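Below: the structure, in C-alpha cells.
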Amino acid sequence: MLELLYQFASNTGFFLADYRHYLMAVIGCVFLYLGTAKKFEPLLLVPIGFGILVGNVPFFKGFGLGIYESNSVLHYLYFGVTTGVYPSIVFLGLGAMTDFSSLLANPKLMLLGAAAQMGIYFTLLGALFLGFLPKEAASIAIIGGADGPTSIFLTAKLAPHLIGPIAIAAYSYMALIPVIQPPIIRLLTTRHERRIRMAELRDVSLKEKLIFPVAGVLLCCFLAPTALPLLGMLFLGNFLKECGVVERLADTARHAVIDTATIFLGFTVGCSTQADVFLTPQSLKIFFLGSVAFSIATASGVIFGKIMNLFLRSKINPMLGAAGVSAVPGSAREVHLMGLKEDPTNFLLMHGMACNSSGVIGSAVCAGILWSFFIGT
Amino acid sequence: MNGLENISANNGWAISVLGAGIVFCGLAALSLVISRIHKILNFFEKRSSSRNSEVAAPPVRPAPKPTQTIRRLPEPKELVSIYRPLAQGLDEPFPLALLYEHAAKMDLPHTHISISRLREAGVLTSMGEGAFVWNNEIADSLTT
C-alpha cells in the first residue's frame, strides 16, 4: 500500500515540479491579474494567462498530456496555431468588425500605418545582430507590427519552435500599450503638435466601402501573395459586413467565429509556454527585441507624421503615427486619450482607428513579404 | 556568428531596405487608389444622371410648371406658434439639437434659420452649456 502511495505521489505535479514551473505559474497569475484587475487586453491575457497555468502543470512525459506530445488533446488544439488556421479566422472576424470609413475618408493616414512598420525591419537587423538565424530574426521582427495573430502566423511558417515566446511577447506588448506608447509620444512631440485638430471626416458612400475590400485584396495580395491567408480573410470579413445581404454571416464572423478562435488561440499559446522550452536565454532576448521593435514602430509612426506635416497644408496630429501599429483598438484609444488630456474637445479616436486599420493591413503585408523572402531557404 | 557580420552574411541590409520599400509603396498605392474611388464614382454618377436627363427630356414639350411651391420662411409670430408645442414637449432645459431633430421629423421648413430667429428674438434663451429654455413672456409678446 505504501508503495502504491509512493507511486501516486511520485506522479503528482508537486513531486515533479521545479522552480521553473512555479515561476511560470506566477507569470500566468500576473497575466490573469493584468487581464482581470487592470483590464489590459482581457480578451487576450485571460486565455493566455490560464493557458500558462495549464501548460506548466508538470506531468510524466509519454502520457499524451502535454501540448508537444503528438497524441494529446492540447496538441490537436495547438494544430490551429502551428498551421496558421486560428490567425486567419481571427482576421476574418476582425474584417467583419472593422469600419474602414475613416480610412476611406482620409486615405493619407494609411502612410502612417506604413511608416509604423519600420520597427519590423529595424528589429530584423537587431535580431540578426544578436545572432539569431534569418528565419528566427524575421519571426521576432514581426512583433514590431504589434499584431498577435500576424506574429503567430509568420512564426508558425518560419520558426515554429519560437511560437511561445514570440506570441507572449507580442500580446504582452499589445497589452502594455498604455505604459509603452505615451512616454515615446511625449518625447517626440511638442504640446502644440499634440493639440493639432484633425479636419472633420467626410461621409463615405456604401459603394466606396464595397469597392475597398475588393481593391485591397487584389492590390495587396498581388503584391505579396503570401499574405493571402490573412488579408484574404480580413477583406472577406469586411465585404460580408459592408455588402448588407449576408448579415447573418457577418454577425457570426464578428461574434461566434472570432471568439472561438481567440479562446483556442490564446489558451494554446499560453499552454505552449512550458517551462522547459520557454525559460531560456533566447526567450529573454526575444522579449528585449520585442520591446525594441514596438518602441521603434511607435517612434517611426510619430516621426513620419511630423515629416508629413512639413508638406501638408492641413496638418495632421503626429500622435496618430503611434496608432499606425496594428494593436486594434488599443493604440488608437491611447492616442485619443492623450489628445483629450491636452485638449478635452479634440477627438482623435476615428482618425486613430484609420491608422490602426492601415497598420493591420501593413503588418500582414510585411509578414507576407518576409515569408516570401525566406521561402525555399 | 553574430554582429554586423551576421547581418551582412544573411543579406539583412537588403531585406530590410527592400521590405520597408515594398510595404511603403504597396500601402501608398492602396492609399492612392482609395483616394480616387469617390472621385471616379462621382464622375460615373454625374455621367449617368446627365444621360438619364437627356433621355428623359422630351424634345419639344414645354418645361412643366413647378408643382412644388417654394416654402417661405414664416414670420416670427408664426414661428412661435409652430415651435411652441415642440418646445413644450421637451424637458427644460433642452439641447437645441433635440429641437432641430423634432422639427426635422415634422418636416418643418428652414429649421436652422427658424430656430436661429427664435434665438435672436430671445424666445429661446440660453442657460449655458448648449441648453435652452422657451421664454413664454417674450413668445407671448410676439404673438399679441
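So the protein sequences, as listed, match chains A and B.
Everything in the first sequence is counted per my numbering, starting at 1 for the first residue and increasing by one.
Everything in the second sequence is counted per my numbering, starting at 1 for the first residue and increasing by one.
We put the CB at the ideal spot given by N, CA and C, even for glycine.
These numbers come from a predicted model, not from an experiment.
Asked                                                                                                                       : Found
Contact set between the segment 8-24 of chain B and chain A, restricted to residues whose Cβ is under 7 Å from the partner  : Asn10, Gly12, Ile15, Ser16, Gly19, Ala20, Ile22, Val23 and Phe24
Residue closest to A:Gly324, alpha-carbon to alpha-carbon, out of A:Met174, A:Pro281 and A:Lys207                           : A:Met174
Cβ neighbour criterion (16 or more within 10 Å) applied to A:Gln7                                                           : exposed
Chain B contact for A:Met350 (CB, 9 Å cutoff)                                                                               : no
Near-chain B residues of the segment 103-130 of chain A (beta-carbon distance less than 7 Å), N- to C-terminal order        : Leu104, Pro107, Lys108, Met110, Leu111, Gly113, Ala114, Gln117, Met118, Tyr121, Leu124, Leu125, Leu128, Phe129 and Leu130
Pairwise C-alpha distance: A:Asn238 and A:Ala146                                                                            : 21 Å
Span of the beta strand (DSSP E) around A:Met233                                                                            : Premise fails: A:Met233 lies in the alpha helix (DSSP H), Leu228 to Cys243, not in any beta strand (DSSP E).
Runs of alpha helix (DSSP H) lying entirely within the segment 145-217 of chain A, each at least 4 residues, in chain order : 148-158, 163-175, 177-188 and 191-194
Amino acids of chain A, ordered along the chain, whose beta-carbon sits closer than 7 Å to that of B:Gly3                   : Phe129
Opening and closing residue of the alpha helix (DSSP H) in which A:Leu320 lies                                              : Careful: A:Leu320 lies outside any alpha helix (DSSP H) and carries neither H nor E.
Cα-Cα separation, A:Val46 to A:Val81                                                                                        : 18 Å
Rounded separation between A:Val245 and A:Lys209 - CA only                                                                  : 14 Å
A:Cys243 to A:His336 span [Cα, whole Å]                                                                                     : 30 Å
Beta carbon proximity, B:Ser31 to chain A, threshold 9 Å                                                                    : yes
Neighbour-count burial assignment, A:Thr12, 16 or more Cβ in a 10 Å radius                                                  : exposed
Where the alpha helix (DSSP H) through B:Ala104 begins and ends                                                             : Leu96 to Lys105
Buried or exposed by the 16-neighbour rule on C-beta atoms within 10 Å, applied to A:Met24                                  : buried
Bounding residues of the beta strand (DSSP E) (the contiguous stretch that carries B:Thr153)                                : This structure leaves residue 153 of chain B out entirely; chain B is present only between 1 and 144.
B:Gly12 classed as buried or exposed, judged by whether at least 16 other C-beta atoms fall within 10 angstroms             : buried
Endpoints, the beta strand (DSSP E) within which B:Phe132 is located                                                        : Ala131 to Trp134
A:Cys220: contacting residues in chain B (beta-carbon distance under 8 Å)                                                   : Gly26 and Leu30
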